[in-house]
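A.B. asks: This is the structure I have questions about; it appears just below.
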Amino acid sequence: MPRISLAAPPAAGQVPSPRPMSRAHARRFIEALATANPNAETELTYTDPFTLLVSVVLSAQATDASVNKATVGLFAEAPDPQAMAGLGEEGIARHIRSIGLWRAKARNVAALSARLVAEHGGQVPSDRDSLEALPGVGRKTANVVMNVAFGESTMAVDTHIFRIGNRTGLAPGGTPRAVEDQLVARIPADMLRPAHHWLILHGRYVCKARRPECWRCAAAAWCRYPDKQGEPAGKA
Ligand code: SF4
């Protein structure tokens, strides 16, 4: 499934955002996704905070499957920041040339690994400021690492979550940060951490960009999208 970088606001001509969902309906919406997919988790392959961080950095504008394929060899050769820094930009690039933006990603992974060794004792820090100070790490990547590796209730807004937030009325906003703030405000605190995974997987496989598959959506009763799609003819 394609995994794309943070999306721009909906293009002209798209169905406009519906009215915002109430908090009560937001809870029901998330509960429906949870019931449909209770064991949702990241599809990236990782073994510890460092391999997760590198995988997330590599995943911008690349599929999780393509990242997982590349990191088999990369992590076998360099499983920790010391080894990764030693491998260097060229050595990292050898493993990731099949992934989009590989030059910049190789440079960032080499630099962030060296920074982890020099400033963090070879460990991935768990706080936002330190994570976002690392080369190639922005708010979205920091949110994923804090959520998945350190159990924080953060919400990383990728293209799928940005689309769902606006399309359904769950969290309307013109920027990823605005959607993130709406989600944090509306989703009950006890559901926020797993909601990140429920929403991403829902966007990848059901509430798709071109044509949402509303006819098989577990959360349709709570969704405010005014142009819900019926099942295509011949699929019954
Ligand atoms: S009903 Fe359709 S638009 Fe609404 S969340 Fe489900 S798939 Fe997405």
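One gets our numbering by counting positions in the sequence shown from 1 and adding 815 to each.
Positions of the beta carbon are idealized from the N, C-alpha and C atoms, including for glycine.
(1) Quick check: what's the CA-CA separation for residue 875 versus residue 935?
(2) Around the C-beta of residue 1047, are 16 or more other C-beta atoms found within 10 angstroms, so that it is buried, or is it exposed?
(3) I need the straight-line Cα distance from residue 1006 to residue 966, nearest angstrom please.
(4) May I ask which residues mark the beginning and end of the alpha helix (DSSP H) holding residue 946?
(5) Any heavy atom of the ligand SF4 inside 7 Å of the beta-carbon of residue 833?
(6) Between the stretch 1021-1032 and the stretch 866-886, do three or more beta carbon pairs fall short of 8 Å?
(7) Taking 6 Å as the limit between beta carbons, can you name the residues of its chain near residue 957, skipping five residues before and five after?
(8) Spatial neighbours of residue 1034 within its chain, please: C-beta separation below 6 Å, excluding the five flanking residues on both sides.
(9) Is residue 1021 near the ligand SF4, going by C-beta to nearest heavy atom under 7 Å?
(10) Report the three-state DSSP secondary structure of residue 911 (helix, strand or coil).
(11) Decide yes or no for the touch test of the stretch 982-990 against the stretch 889-901: beta carbon pairs closer than 8 Å, at least 3 of them.
(12) Could you tell me the alpha carbon to alpha carbon distance between residue 1036 and residue 841, rounded to whole angstroms?
(13) Hey, quick one: how far does the alpha helix (DSSP H) through residue 859 stretch, first residue to last?
(14) So what does DSSP say about residue 1052, is it helix, strand or coil?
(15) Have a look at residue 901 and residue 865 and give me their C-alpha separation to the nearest angstrom.
C.D. replies: Judging by the given coordinates:
(1) 24 Å
(2) exposed
(3) 12 Å
(4) 943-947
(5) no
(6) no
(7) Once the five neighbours on either side are set aside, the close Cβ partners of residue 957 are 943, 946 and 947.
(8) If the five residues before and after residue 1034 are omitted, its C-beta is found closer than 6 Å to the C-beta atoms of 844, 847 and 848, all from its own chain and listed in chain order.
(9) yes
(10) helix
(11) no
(12) 11 Å
(13) Where residue 859 is concerned, there is no enclosing alpha helix (DSSP H), given that its DSSP letter is neither H nor E.
(14) With the chain running from 816 to 1051 in the structure shown, residue 1052 is simply not present.
(15) 15 Å
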